[in-house]
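Student:
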Amino acid sequence: MRNRAKAIARAIDGAWFHQDQADPFSGSSLVPMLIIGLALTFAGMIVAVVLS
């Protein structure tokens, strides 16, 4: 019984560890959208300065 409880606890801990170590550039992350948003913002500012 104790071995089964330990195995279940390890499986749960392992699942949480893998969930916390997600790839920051995966599709479900906000990081790529933030990077693209910043790039477009700076590109827009540069175009505005050039055209003014």
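Residue numbers (this note's numbering): 717 to 768. Glycine is no exception: its CB is placed at the ideal position from the N, C-alpha and C atoms. As the structure is a computational prediction, the values presented were derived from the model and not from experiment.
1) Since L756 is in the alpha helix (DSSP H), which residue starts that stretch and which ends it?
2) I need the straight-line Cα distance from L767 to G760, nearest angstrom please.
3) Expressed to the nearest angstrom, what Euclidean distance is found between the alpha-carbon atoms of N719 and R726?
Tutor: Let me spell this out:
1) 747-767
2) 11 Å
3) 10 Å
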